[in-house]
Amino acid sequence: MTFAHPERLAIVLLLVAAFALVYRSIERGASQQAYVYSSLAFATAAMRPSRWPAVAVYAALLLGVAALTSALAAPRLLVRVPVKDGIVMLCIDTSGSMRATDLVPSRAEAARAAALTFLGAVPPGARIGIVSFASEAVLVQQPTADLDAARSALDRVPPPNGATAIGDALSLAVAQLPRRGTRAIVLLTDGVNNRGSDPVSAARQAALDGVTIHTVGVGTNGSGQLIPGTTEPADLDEETLRAIADLGHGTYVAAKDAGGLASAFRNLAGSTVWEARKVDGSTLFAASGGVMVIVAFLAGFAVGKWP
Amino acid sequence: MIGSRTRLRAALLQKRRRYGIAGMAAPRAHRGDGYEFSELREYVAGDDPRRIDWAATARAGTLQTRILQEDRALTLAGALDASPSMGVGRTRSAYDRGLEALAVWFTLALSDDRCARVRANGIVADPHRRGPSAAHVCLAERAEPQRSFTATLQVALATLSRDASLLLVSDFYDIDEAEPALRQLAVRCDVTGLLIADPWRDGLPLAGFVRLSDAETGAQERLFIGRRERERFRQSILRRETAICRRLENIGVRAGVLNHDAELALMQSFGIAGGVIA
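Protein sequence lines correspond, in order, to chains S and H. Position one of the first sequence corresponds to residue 0 (numbering that gives the first Met the number 0), numbered consecutively onward. Position one of the second sequence corresponds to residue 0 (numbering that gives the first Met the number 0), numbered consecutively onward.
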């Protein structure tokens with residue numbers, strides 16, 4: 000939170016201090032309304048009265064006054080709002096290595112579940128497209144604001160089979176994106192590019208077009224896992240994925256398990272189609288402060304009496 | 000049917016419930032050849048046959064002996080706590096309730112009894128008067144200076160004759176300070192102590208944020224009183240009453256709680272519940 004007029008905070012502090020002093024003096028002035036009792040020491044020891052209600056009411060009053068007066072300093076709140084015209088292309092690896100079962104139940108199924116998590120975390124209005132890639136890249140779903148359609152499209156992602164054409168996938172995804180707006184690509188792969196165009200070159204071109212690229216690496220290097228049906232190791236080219244993310248001004252996340260993968264996608268949904276924006280909080284502060292003061296005053300009269 | 004005040008006087012003469020004093024571990028009856036009826040009981044060997052109540056014997060079917068009170072005069076003394084804490088009360092102050100108890104106490108005075116009101120600034124008594132007339136003198140002046148109860152007890156110690164029957168009425172908030180004087184008084188006199196019941200004994204009428212002021216010191220505190228606080232207060236009041244009565248009895252003072260009815264409180268302190276000697 001920031002303030003448009005921080006110099007006015009001094010006035011706010013003065014007002015809060017003045018309120019505290021006035022409140023205390025009113026309290027002291029109320030001494031004539033005291034109930035006389037034989038032994039105050041006995042009464043307090045007998046009742047063991049809780050201090051919390053008094054502290055809570057006093058704190059709520061001070062907080063309310065502070066919030067009310069803080070409106071003078073024009074507080075600016077940082078809030079997360081959906082990106083206007085945000086478009087994200089999900090590029091999902093469907094090469095043969097995605098059949099590996101080191102992620103339960105398999106890498107392909109874990110990727111599908113993570114994509115669903117992603118779709119669940121994006122705000123309405125965001126447009127999502129899906130590209131799958133193995134030996135070649137395939138457009139599964141053009142960018143759409145219909146998230147149900149995007150979810151259904153995940154069922155059309157082909158089963159894992161073939162080589163890994165990362166560069167082609169990036170190029171196809173970039174081709175689906177408009178020239179303007181907030182655009183991002185989320186690339187999920189578990190392998191090494193071994194088909195089609197150079198992924199780094201494709202990423203560089205995408206970056207030139209202003210597209211952000213985030214990469215998610217699935218699996219681990221040197222795990223001994225083989226691409227099913229082959230004798231090739233299911234290694235992950237993390238270096239390339241990092242380079243792509245760097246070029247695309249995005250992030251690289253290594254997902255070692257299904258939970259990590261889902262978490263990575265949820266976070267990416269937050270960073271691709273949501274943005275932090277400063278909004279004027281004066282009205283909110285004044286209203287909440289006023290309500291708090293009224294509630295604290297009413298509580299001062301009512302708490303302990305009703306019910 | 001014997002009146003409750005007659006019973007009270009009889010109990011006083013018998014030194015009922017006067018515990019913990021050497022030679023008086025059990026209720027001691029001063030019975031003799033007086034004229035005041037005390038009670039009827041079954042004949043036991045050694046009873047004067049002239050005291051057999053033949054009418055009662057005919058009714059009961061066994062020999063009944065009339066027990067008469069020893070014919071002797073009492074010295075009735077009363078001391079009321081006049082400290083500021085006694086000024087507290089809901090409809091009547093604790094001090095006023097105490098005055099009522101003193102009034103009941105002094106009505107026990109018969110023809111030859113002496114009466115004295117002990118106050119922090121001295122004794123109120125007319126040495127030339129006896130019985131109800133002497134009692135009237137003691138009750139004539141209601142107000143007295145606000146002093147600590149210990150000061151009043153010191154006056155009692157300095158002025159009362161041995162074996163005087165002394166009634167103390169107080170809230171006993173300063174019992175720690177008063178205990179040495181109370182112990183000495185309990186040895187010298189037959190002392191009855193009535194603890195004034197808390198004005199909020201029947202329910203704390205306060206709720207929410209409340210400012211309480213100490214009657215003695217004037218100190219103030221703002222407290223939060225909720226349901227739990229009220230319940231804890233109620234229980235503490237009852238615990239305190241029990242503790243104070245027990246403490247007074249340990250000192251050698253028969254004790255009772257003065258709530259609404261002074262006569263009832265006195266009877267209970269003597270162990271006479273509902274007119275029947277317990």
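Ideal Cβ positions, reconstructed from N, Cα and C, are used throughout, including at glycine. Remember, predicted model here, so these are calculated numbers, not experimental data.
From which residue to which residue does the beta strand (DSSP E) around residue 216 of chain S run?
Along the first sequence, one-based indexing puts residue 216 of chain S at 217. Membership of residue 216 of chain S in the beta strand (DSSP E) is indicated by the continuous run 211–217.
So, does the CB of residue 236 of chain H fall closer than 8 Å to a CB anywhere in chain S?
Here residue 236 of chain H refers to the residue found at position 237 when the second sequence is read from its first residue. Yes, residue 236 of chain H lies at the interface with chain S (some Cβ there is under 8 Å from its Cβ).
Sufficient close CB pairs (3 or more, under 8 Å) joining the stretch 159–170 of chain H to the stretch 181–200 of chain H
They touch, by the three-pair rule.
Closer than 8 Å by beta-carbon distance: list the chain S residues that pair up with residue 99 of chain H, in chain order.
The sequence position of residue 99 of chain H within the second sequence is 100, counting from 1. In chain order: nothing, as chain S lies at least about 18 Å away.
Residue 128 of chain S and residue 167 of chain S - do their beta-carbons sit closer together than 8 Å?
Working through the first sequence from its first residue, we reach residue 167 of chain S at position 168. Working through the first sequence from its first residue, we reach residue 128 of chain S at position 129. Cβ distance not < 8 Å, so residue 167 of chain S and residue 128 of chain S don't count as in contact.
Are there three or more Cβ pairs, one per stretch, closer than 8 Å when the stretch 242–254 of chain S is compared with the stretch 278–293 of chain S?
Touching, no, given that fewer than three Cβ pairs across the two stretches are closer than 8 Å.
Measure the C-alpha to C-alpha separation of residue 297 of chain S and residue 35 of chain S and round it to an integer number of angstroms.
Position 298 of the first sequence, counted from the first residue, corresponds to residue 297 of chain S. Position 36 of the first sequence, counted from the first residue, corresponds to residue 35 of chain S. Straight-line measurement puts the Cα of residue 35 of chain S at about 25 Å from the Cα of residue 297 of chain S.
Specify the secondary structure class of residue 141 of chain S as computed by DSSP and reduced to three states.
Translated into positions along the first sequence, residue 141 of chain S becomes position 142. Strand at residue 141 of chain S.
Taking any Cβ of chain S, which residues in the stretch 174–197 of chain H have a Cβ under 8 Å from it, in chain order?
From the stretch 174–197 of chain H, only 197 have a Cβ closer than 8 Å to chain S.
Span of the beta strand (DSSP E) holding residue 195 of chain H?
Your numbering for residue 195 of chain H matches position 196 in the second sequence. Note, residue 195 of chain H: beta strand (DSSP E), 189–195.
DSSP state of residue 62 of chain H, grouped into three classes?
Sequence index remark: in the second sequence, residue 62 of chain H carries index 63 (1-based). Residue 62 of chain H: coil per DSSP, three-state reduction.
Is it right to say residue 9 of chain H is buried, meaning 16 or more other beta carbons lie within 10 angstroms of its own, or is it exposed?
Translated into positions along the second sequence, residue 9 of chain H becomes position 10. Buried is the call here.
Roughly how many angstroms lie between the CA atoms of residue 309 of chain S and residue 80 of chain S, to the nearest whole one?
What is shown of chain S runs 0 to 306, which leaves residue 309 of chain S out entirely.
Beta-carbon of residue 375 of chain S versus every beta-carbon of chain H: anything under 8 Å?
This structure does not reach residue 375 of chain S, given that chain S is present from 0 up to 306, and the question cannot be answered.
For a quick check, are the C-beta atoms of residue 149 of chain H and residue 118 of chain H less than 8 Å apart?
Here residue 149 of chain H refers to the residue found at position 150 of the second sequence. Here residue 118 of chain H refers to the residue found at position 119 of the second sequence. Contact flag unset, no.
Would a check of beta-carbon distances place residue 207 of chain H closer than 8 Å to chain S?
Here residue 207 of chain H refers to the residue found at position 208 of the second sequence. Using beta-carbon distances, residue 207 of chain H counts as an interface residue toward chain S, with a partner under 8 Å.
So what does residue 35 of chain S bridge to, in DSSP terms?
In the first sequence, counting from the first residue as 1, residue 35 of chain S sits at position 36. Note: residue 35 of chain S sits in a beta bridge opposite H:212.
Residues within the stretch 46–75 of chain S neighbouring chain H, beta-carbon criterion of under 9 Å:
Interface annotation for the stretch 46–75 of chain S against chain H: 46, 47, 48, 49, 50, 51, 52, 53 and 56, criterion Cβ-Cβ distance under 9 Å.
Residue-level contact to chain S via CB, residue 26 of chain H, 8 Å cutoff:
Residue mapping note: residue 26 of chain H aligns to position 27 of the second sequence, counting from 1. Its pLDDT being 37, under 50, residue 26 of chain H is placed unreliably in this model, and the value from its coordinates should be taken loosely. No, no contact with chain S.
Got a sec? Which residues, its chain only, sit under 6 Å from residue 212 of chain H by beta carbon, not counting five neighbours each side?
Counted from its first residue, the second sequence places residue 212 of chain H at position 213. Setting aside the 5 residues that flank it on each side, residue 212 of chain H is surrounded in the same chain by 219, each with a C-beta closer than 6 Å to its C-beta; the list follows chain order.
Tell me the DSSP secondary structure of residue 129 of chain H in three-state form.
Numbered from its first residue, the second sequence carries residue 129 of chain H at position 130. Residue state, collapsed to three classes: coil.
At 3 residues or longer, and completely inside the stretch 168–212 of chain S: list those beta strand (DSSP E) runs for me, N to C.
You should have 182–188.
Measuring only the C-alpha atoms, how far is residue 151 of chain S from residue 110 of chain S?
Numbered from its first residue, the first sequence carries residue 151 of chain S at position 152. Numbered from its first residue, the first sequence carries residue 110 of chain S at position 111. Taking the straight line from one Cα to the other gives about 15 Å.
Mapping DSSP to helix, strand and coil, what is residue 19 of chain H?
Translated into positions along the second sequence, residue 19 of chain H becomes position 20. Any answer about residue 19 of chain H is weak, because its pLDDT of 47 lies below 50 and its placement is not dependable; what the coordinates show is given next. In the three-state scheme derived from DSSP, where H, G and I count as helix and E and B as strand, residue 19 of chain H is classed as coil.
Apply the 10 Å Cβ neighbour rule to residue 31 of chain H and answer buried if 16 or more other Cβ atoms are within range, or exposed otherwise.
Looking up residue 31 of chain H in the second sequence gives position 32. Residue confidence is low: residue 31 of chain H scores 46 on pLDDT, short of 50, so the model does not pin down where it sits. Its coordinate-derived value is still stated next. Residue 31 of chain H counts as exposed, since fewer than 16 other C-beta atoms from the protein chains shown sit within 10 angstroms of its C-beta.
Cβ neighbour criterion (16 or more within 10 Å) applied to residue 176 of chain H:
As a first step, residue 176 of chain H must be located in the second sequence, where it is residue number 177. By the 10 Å Cβ count, residue 176 of chain H comes out exposed.
Exposed or buried, which one is residue 132 of chain H when buried takes at least 16 other CB atoms within 10 Å?
Taking the first residue of the second sequence as 1, we reach residue 132 of chain H at position 133. Under a 10 Å Cβ-count criterion, residue 132 of chain H is classified as exposed, with fewer than 16 other Cβ atoms of the shown protein chains found around its own Cβ.
Identify the contact partners of residue 214 of chain H in chain S, using a Cβ-Cβ distance below 7 Å as the criterion.
Looking up residue 214 of chain H in the second sequence gives position 215. Neighbours of residue 214 of chain H on chain S, chain order: 35, 36 and 37.
With 8 Å as the threshold, decide whether the Cβ of residue 42 of chain S is near any Cβ in chain H.
Translated into the one-based positions of the first sequence, residue 42 of chain S becomes position 43. It does: the Cβ of residue 42 of chain S has a partner Cβ on chain H nearer than 8 Å.
Tell me the rounded alpha-carbon separation between residue 39 of chain S and residue 75 of chain S.
Position 40 of the first sequence, counted from the first residue, corresponds to residue 39 of chain S. Position 76 of the first sequence, counted from the first residue, corresponds to residue 75 of chain S. For residue 39 of chain S and residue 75 of chain S, the distance between alpha carbons rounds to 49 Å.
Give the single residue among H:85, H:91, H:164 and H:51 whose Cα lies nearest to the Cα of residue 107 of chain H.
For the purposes of this step, residue 107 of chain H is taken as residue 108 along the second sequence, with counting starting at 1. Measuring C-alpha to C-alpha distances from residue 107 of chain H to each of H:85, H:91, H:164 and H:51 identifies H:164 as the nearest.
Report the option in H:259, H:55, H:230 and H:269 whose CA atom is closest to the CA atom of residue 244 of chain H.
Working through the second sequence from its first residue, we reach residue 244 of chain H at position 245. Ranking the options by Cα distance to residue 244 of chain H, first place goes to H:269.
Residue span of the alpha helix (DSSP H) that contains residue 250 of chain H, given as start and end
Within the second sequence, numbered from 1, the residue matching residue 250 of chain H stands at position 251. Where residue 250 of chain H is concerned, the enclosing alpha helix (DSSP H) stretches over 226–250.
If you reduce the DSSP assignment to three classes, tell me which class residue 13 of chain H lands in.
Indexing the second sequence from 1 puts residue 13 of chain H at position 14. It is coil, neither helix nor strand.
Using a Cβ cut-off of 7 Å, pull out every chain H residue sitting near residue 103 of chain S, in sequence order please.
The sequence position of residue 103 of chain S within the first sequence is 104, counting from 1. Ordered by position in chain H, no residue passes the 7 Å Cβ test against residue 103 of chain S, which lies about 53 Å from the chain.
Please tell me whether residue 263 of chain H has its Cβ less than 8 Å away from any Cβ of chain S.
To locate residue 263 of chain H, count along the second sequence from 1; it is residue 264. Among the residues facing chain S, residue 263 of chain H is not included, as its CB has no counterpart in that chain under 8 Å away.
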